[in-house]
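Engineer:
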Amino acid sequence: MKLKIVALAAAVAAVISSAEAREWRGWNVHPPEYPVSTGMEYFAEQLKERSNGELTAKVFHSGVLGDQPDAIEQVREGALDWAVFNFGPLGAIAPEVNITSLPFIFKDVPSMHKVMDGPVGEEMADGLRKIGLEPLGYFDSGARSFYHREKLIHSPSDITGQKFRVMGNELYVDMIAQLGGNATPMPYADVFQALQTGVIDGAENNYPSYESSGHYEAAKFYSNSQHLILPECLCINKDLFDSLSAEQQALLKEIGREAAELQRDEWAKREEVSKAKVLASGVEIIEIEDKAAFQQLMQPVYDKFLADNPDMAPLIEKVKAAQD
Ligand code: BDP
């Protein structure tokens, strides 16, 4: 009898642990050595170790599970479990988060971190929860600047009539239109070929993505406009997070924070490495002297966003105030 009970208990434990041990599938657009990827691998390793194997997660790198807007939907619905998403594509469906996509809203990268690590970051986290994602850590993706196949960008008139690829978010279409150009939203994976064949004239990104995607080989003129400073977020499906014990949730939060710290350190190093690599390959880089000329044209982008999302006005003010 005792033996039977022991056997039954073992069987029940096996069923429970196999349910818990279902390996969480993680989406990542970047290749394995990228800072985001290092942060995600750290999260997966620590999760297994510190939950004593009760929780396990895997990362699928290099966008093999599809492009970002689709992956966001899949993590929201629970078809995928976790990911690192950029606030650009996330903003298209979460207005709180979309505030970060208002051009030039952050003075610089340290200001962005200061804002995101404070109460504003918490309000943005609530915005993510509303769309079914639980944020576990805010990652760095530096500042995005314009690059072009044939020329440097000194002033908005250099953008006039030019086709620039942007991520899928209406704010970027408005931003490029304000500069006189034509925005072409397109998945990240298609940009290299579009640059090579001249389907687009330029694109915009940070140094590590410009380098790791190979875009620098097709568009050798990089002009530091730093028009967008976008956080990224390690997130997990909210229902999955809510189904965990309080102890497990605390563990995830702790590891998420550590992964973000690691990622930010790796990011700082990778920016230098990527910049040096593209320079060595013959890329020309300039600092844009008169950034105000770009900035001044952005008021209609803000106005339209506010007209569409009047309830976001207080949070915009908080984002600005938290940087002073
Ligand atoms: C990179 C982001 C990535 C985006 C990509 C893009 O890290 O999430 O998919 O830009 O431009 O900087 O699509």
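Numbering-wise (this note's numbering), the sequence shown opens with residue 857 and increments by one.
Even for Gly, the Cβ is constructed at its ideal location relative to N, Cα and C.
1. In terms of DSSP beta bridges, what is S1013 paired with?
2. Would you mind sorting N1093 into buried or exposed? The rule is 16 or more other CB atoms within 10 Å of its CB.
3. Need the endpoints of the alpha helix (DSSP H) that T956 sits in, please.
4. Let's see if you can read the secondary structure: which residues bound the alpha helix (DSSP H) around A1102?
5. Measuring CA to CA, which of L1027, K1076 and E901 is closest to F1048?
6. Given 7 Å as the limit, tell me if Q1049 has its C-beta closer than that to any heavy atom belonging to the ligand BDP.
7. Have a look at L1171, M1042, D937 and Q1119 and flag the residue whose alpha-carbon is nearest the alpha-carbon of E889.
8. Suppose contacts are defined by Cβ-Cβ distances below 8 Å. Is G882 in contact with G993 by that definition?
9. From this set, I1141, G934, L936 and A1059, which residue's C-alpha is nearest V1022's C-alpha?
10. Excluding the 5 residues flanking G947 on each side, which residues of the same chain have their C-beta closer than 6 Å to its C-beta?
11. What residue does the beta strand (DSSP E) around I1142 start on, and which one ends it?
12. Consult DSSP for E1060 and reduce its assignment to one of helix, strand or coil.
13. Assuming G977 is part of the alpha helix (DSSP H), what are its boundary residues?
14. Is the beta carbon of Q1082 less than 8 Å from the beta carbon of S1001?
Structural biologist: Based on what the coordinates show:
1. Answer by DSSP bridge pairing: none, since S1013 is not bridged.
2. buried
3. T956 -> no alpha helix (DSSP H), and no H or E assigned at all.
4. A1102 to A1136
5. K1076
6. no
7. Q1119
8. no
9. A1059
10. V953, N954, S957 and N1025
11. E1140 to E1143
12. strand
13. P975 to K986
14. yes
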